[in-house]
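Those letters in the sequence shown? Residues 1 to 167, by UniProt numbering.
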Amino acid sequence: FALFPTGVAALSAVVQGDNGPEPVVLVASSFQVGISLDPPLVLFAVQHTSTSWPKLKAAAEAGGRIGVSVLGEAHDLAARQLASKAADRFAGIQTTTTDSGANFIHGAPVWIETTIHSQFPAGDHDVVLLQVHASGTAPDTEPLVWHSSGFRTLTPKPTPESIPENA
């Protein structure tokens, strides 16, 4: 499946940790929008071995919300850091947290505030449907793309006006 290009999303919330509130993040290339318009639903798939998902799920089940930041082209290094097993995956990464605990990465072209709608097993993953409660966009920000086991950016197609006449 490595040759199928897909966006990259960071799902994050501030949860109660052993030493107080702490941000938790899960990076997913399986994130999809447009699953349903009524109610508005998005989805992602998470491995059964994930250590971040149980924390995010517990926070959501306790009444919190999960922030989804669709990462932009400037986030290639941040995406690797957020997906790592580092102790402080948020070091140097700017975020905003809502009163509901949803945590968002600054500079994302799309952000979505969600709650869990449903979850069901699918092989070695679970498919999780999230209900959208709020969203926003930064239309001038290009997305980050995962393709062939690496991050890529989109290059806009040339417009007829930008092609030299002698080309």
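The C-beta atom is built at its ideal place from N, Cα and C for all residues, glycine as well. Remember, it's a predicted structure, so these values are computed and weren't measured experimentally.
- Contact between Phe31 and Ala79 is ruled out by a C-beta separation of about 12 Å, above the 8 Å threshold.
- Taking the CA atoms as reference points, Ile105 sits about 32 Å from Thr159.
- Counted as a single uninterrupted DSSP element, the beta strand (DSSP E) harbouring Arg152 occupies residues 150–153.
- The C-beta of Leu130 has 16 or more other C-beta atoms within 10 Å across all chains shown, which makes the residue buried.
- Val46 has its alpha-carbon roughly 18 Å from the corresponding atom of Glu113.
- In the three-state scheme derived from DSSP, where H, G and I count as helix and E and B as strand, Asp124 is classed as coil.
- The shortest C-alpha to C-alpha distance from Pro139 to any of Gly107, Asp88, Val8, Ile66 is the one to Gly107.
- In this structure, the beta-carbon distance from Leu26 to Leu71 does not fall below 8 Å.
- Comparing alpha carbon positions, the residue from Leu154, Thr153, His147, Thr155 closest to Pro5 is His147.
- DSSP lists Ile112 as the beta-bridge partner residues of Ser135.
- In the DSSP assignment, Pro21 falls within the unbroken beta strand (DSSP E) covering 20–28.
- The C-beta of Asn103 has 16 or more other C-beta atoms within 10 Å across all chains shown, which makes the residue buried.
- Taking all protein chains in view, the Cβ of Pro109 is crowded by 16 or more other Cβ atoms within 10 Å, so the residue is classified as buried.
- Contact between Ser69 and Ala10 holds: their C-beta atoms lie close to 5 Å from each other, under 8 Å.
- The bridge partners DSSP lists for Ser69 are Ala10, Trp111.
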